[in-house]
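These notes concern the structure reproduced below.
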DNA sequence: TTGTAAGCGTTATCAG
DNA sequence: CTGATAACGCTTACAA
């Protein structure tokens, strides 16, 4: 591995082109178009190419007071939903010339991450709902876009979580189910609350009620979903259909069904929410409500960048909600004719 | 959202503490211990606390010629294996005071990413095997640690891929299988080649051979695995066990079996490699070879940081290979007694 | 023990 | 049109 040489600077380029250093800067930024003669322009560009000049974005950032870097705080990369958000945000950021500083608030606290992001002069930060909750007021003094967590203090990008719940309810009701249950994560974040509310309200509108035992809270993992489903399956009469507020929970629920030797969907229907890739990899394939995770990330980044460039301060709250849609697959079917 | 105020600098702190600006720097870095009196030290720290001083890492980087940032280039975040690598690397980096600039080389080319990383003066970069292949010589002039791609030019951290193949072979042979097949991604990267070689060699040692039709190449996705498995299932006699070089491929293979109404493992055994979380979420659970992805990422980051701090240049090639281990679950079973 | 001076690689504001 | 000159916020000699 070769020792790293001192990088070439605008000064080096200037020397080779026989111009002053600031002139190089002018040419290379090309911002004020015709301010430099074609001849020197050529010479500078040639010199830069010869030397293999690479601009030092950090130095630029120091004087411009902009780092052209975005922070991205997510609670847990193991959840494919967040991964998609990250992917979407990263793509847009890269296209717009921003770097993404990734922070996973799993083993290192979100607050500490925010601190290091601050010290790196990030221009703004994209924060997931769960991390946002943990951070609270600590977000002051940064440009923030929240994902799936509307707020009256900060800008945000959200999906139509209530519609997700409603669509799930309508799908299951349409299949003739009347004994329903819900499994949600034990997190108090907006998207999950809304998925639950949308579901419950749509049921109520159809004259179906959920008692408290039909509303299970679980750890936001497959294992959590499995445990919650086990509890539901122990009930008599057992529910004929279950809506899980996330696909990970639903996948766990499917496992619980398999363990209990119940056929899906013949004995129980199971629905998820999010439509992560994994939903199509299980058998039967998981019926779910598609939430545009990657698009959420992309929009969050776009919103942040756009307002950063406009030098506006970000207006808090509610842009348009991104639509969700029903994806009916194999894990839901008609309610069983006979009772359990 | 409040307008962002000008951040407080060492100069501000100095003014408030009634000392010179460099003194503040000395105190706050605490590098040369006793060079500053306890009294002023106190005053400075107090002033910094009062003002809520946050150091500007970028400015520090400019003079130290170090950005304390690492680049991380992965081919595709949708693959949970890479996500784990990212997670591990990010954790270690954060603990060591380094930021991670995440780059996904899916829609933006790896080369472009490397260019922007360069312009941000990253101290080093962690590159996955697939991205490394795409980059090739472009990696010159940066400190590099490759993941799962041994190289005589750059440092690397790898798992014992040959052992993975061997363990898979031994497991399946031990279950009595003699008609075996292999599905690998159509990538020419070291880890996958080795998984294949280890597998084939262990079979050969047991007197079992694979003809070319028993060696399928596929896109490195679940869909690819599904297609490859379909092809294998069309053969007569059909293989009784299939080893897929990645779990994603294996999950696709399971789908193909389900579609063909074959029972796993009664009719066919399927094995994966990597042990991503999803492997436990399908029914039957996927037998696989566990590869410590998170540990790979963590070690890559640790290696990079350690050598960066030692200001050594990174020695190329082979550190110890991280061990892999067999995880026998439900998707593999005894070879069927009757032939297909 | 502390302050002064210089410089990291840029950009921005001026005169020439 | 171009070249000095002064920042940006910090670290690191060196001088006081």
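Protein chains in written order, with the working numbering: chain C, 1 to 340; chain Y, 1 to 340. Positions of the beta carbon are idealized from the N, C-alpha and C atoms, including for glycine. Values in this document were obtained by computation on a predicted structure and should not be read as measured data.
Listing by chain order, which chain Y residues have their CB less than 8 Å from the CB of residue 107(C)?
Result: 91.
Let me make sure I understand the geometry here. Which of 241(Y), 151(Y), 211(Y), 186(Y) has the alpha-carbon closest to that of residue 170(Y)?
Comparing Cα-Cα distances from residue 170(Y) to each of 241(Y), 151(Y), 211(Y), 186(Y), the minimum goes to 241(Y).
For a contact defined as C-beta to C-beta under 8 Å, what are the partners of residue 186(Y) on chain C?
For residue 186(Y), there are no C-beta contacts with chain C under 8 Å, since the nearest C-beta of that chain is about 20 Å from it.
Assign residue 23(C) to one of two classes, buried (16 or more other C-beta atoms within 10 Å of its C-beta) or exposed (fewer than that).
Result: buried.
Chain C within 7 Å of residue 151(Y), Cβ atoms only
Residue 151(Y) does not count as touching chain C.
Which of helix, strand or coil DSSP assigns to residue 340(Y):
Bear in mind that the predicted position of residue 340(Y) carries a pLDDT of just 45, short of 50, making it unreliable; the figure below should be weighed with that in mind. If DSSP states are grouped into helix, strand and coil, residue 340(Y) belongs with coil.
In terms of residue numbering, what span does the beta strand (DSSP E) encompassing residue 271(C) cover?
Note, residue 271(C): beta strand (DSSP E), 269-274.
Beta-carbon of residue 10(Y) versus every beta-carbon of chain C: anything under 7 Å?
No, residue 10(Y) lies away from the interface with chain C (no Cβ there is under 7 Å from its Cβ).
I'd like to know if residue 100(C) contacts chain Y, where contact means its C-beta is closer than 7 Å to some C-beta of that chain.
The beta carbon of residue 100(C) sits closer than 7 Å to some beta carbon of chain Y.
Excluding sequence positions up to five away, which residues of its chain have a Cβ less than 8 Å from the Cβ of residue 2(C)?
For residue 2(C), the predicted structure reports a pLDDT of 44, less than 50, and the residue's modelled location is therefore unreliable. A value from the coordinates is still provided. Closer than 8 Å at Cβ, skipping near neighbours: no residue.
Best match in 300(Y), 72(Y), 162(Y) for proximity to residue 189(Y) [C-alpha to C-alpha]:
Minimum Cα distance to residue 189(Y) is reached at 162(Y).
From the DSSP secondary-structure annotation, give me the bridge partner or partners of residue 288(C).
DSSP output for residue 288(C) lists 272(C), 327(C) as bridge partner(s).
Find out if the Cβ-Cβ distance for the pair residue 99(C), residue 251(Y) is shorter than 7 Å.
With contacts defined by Cβ atoms closer than 7 Å, residue 99(C) and residue 251(Y) do not form a contacting pair.
Between the segment 204-223 of chain Y and the segment 175-183 of chain Y, can you find at least three pairs of beta-carbon atoms closer than 8 Å?
Yes, they touch.
Chain Y partners of residue 134(C), CB-CB under 8 Å?
By Cβ distance, chain Y contributes nothing, its closest Cβ being about 16 Å from residue 134(C), past 8 Å.
Output, in chain order, the set of chain Y residues within a Cβ distance shorter than 7 Å of residue 121(C).
Within 7 Å of the CB of residue 121(C), the CB atoms of chain Y belong to 56, 58, in sequence order along the chain.
Cα-Cα separation, residue 200(C) to residue 105(C)
Take the alpha-carbon of residue 200(C) and the one of residue 105(C): they are about 31 Å apart.
Quick check: residue 196(Y) and residue 207(Y), are their CB atoms within less than 7 Å of each other?
In this structure, residue 207(Y) does not lie closer than 7 Å to residue 196(Y) by Cβ.
According to DSSP, is residue 2(C) part of a helix, a strand, or is it coil?
Note on residue 2(C): pLDDT 44, under 50, position unreliable in the model; the coordinate value appears next. Reduced to three states, the DSSP call for residue 2(C) is coil.
Quick one: what's got a C-beta closer than 6 Å to residue 10(C)'s C-beta in the same chain, skipping five residues either side?
Excluding sequence neighbours, residue 10(C) sits near 21, 24, 25.
Within-7 Å CB hit, residue 278(Y) to chain C
Yes, contact with chain C.
Distance, residue 27(C) Cα to residue 43(C) Cα:
In a straight line, the C-alpha of residue 43(C) is about 10 Å away from that of residue 27(C).
Measure the alpha-carbon distance for residue 294(Y) versus residue 160(Y) and round it to whole angstroms.
Residue 294(Y) and residue 160(Y): Cα-Cα distance of roughly 15 Å.
Determine, for residue 299(C), whether the minimum Cβ-Cβ distance to residues of chain Y falls below 7 Å.
False, the Cβ-Cβ gap to chain Y never drops below 7 Å.
Please report the straight-line C-alpha distance between residue 46(C) and residue 66(Y), rounded to a whole angstrom.
So the two alpha carbons sit approximately 28 Å from each other.
Exposed unless 16 or more other CB atoms sit within 10 angstroms - verdict on residue 337(Y)
It counts as exposed.
Minimum C-alpha distance to residue 127(Y) - residue among 283(Y), 85(Y), 92(Y), 152(Y):
Nearest C-alpha to residue 127(Y): 85(Y).
What residues of chain C sit near residue 274(Y), judged by a beta carbon separation below 9 Å?
Those do not exist, as residue 274(Y) stays about 14 Å from chain C at its closest Cβ, beyond 9 Å.
Alpha carbon of residue 121(Y) to alpha carbon of residue 203(C), nearest angstrom
Using only the alpha carbons, I get a separation of about 56 Å.
Own chain partners of residue 89(C) with C-beta closer than 7 Å, once the 5 adjacent residues on each side are dropped:
Sequence-distant partners of residue 89(C) (beyond 5 residues in either direction) whose C-beta falls short of 7 Å from its own C-beta, in its chain, are 72, 100, 126, 297, 298, 300, 301.
Could you check if residue 258(Y) is buried or exposed, using at least 16 other CB atoms within 10 Å of its CB as the buried criterion?
Its Cβ being crowded by 16 or more others within 10 Å, residue 258(Y) is buried.
Kindly give me the distance between the Cβ atoms of residue 269(Y) and residue 333(Y), rounded to whole angstroms, as I take these residues to be in contact under 8 Å.
About 6 Å separates the two Cβ atoms, so the contact holds.
Determine the extent of the beta strand (DSSP E) in which residue 241(C) is found, giving its start and end residues.
Per DSSP, residue 241(C) belongs to the beta strand (DSSP E) from 241-244.
Any beta carbon from chain C within less than 7 Å of residue 307(Y)'s own beta carbon?
No, because no Cβ of chain C sits closer than 7 Å to the Cβ of residue 307(Y).
Tell me the DSSP bridge mates of residue 185(Y)?
Answer by DSSP bridge pairing, in chain order: 218(Y).
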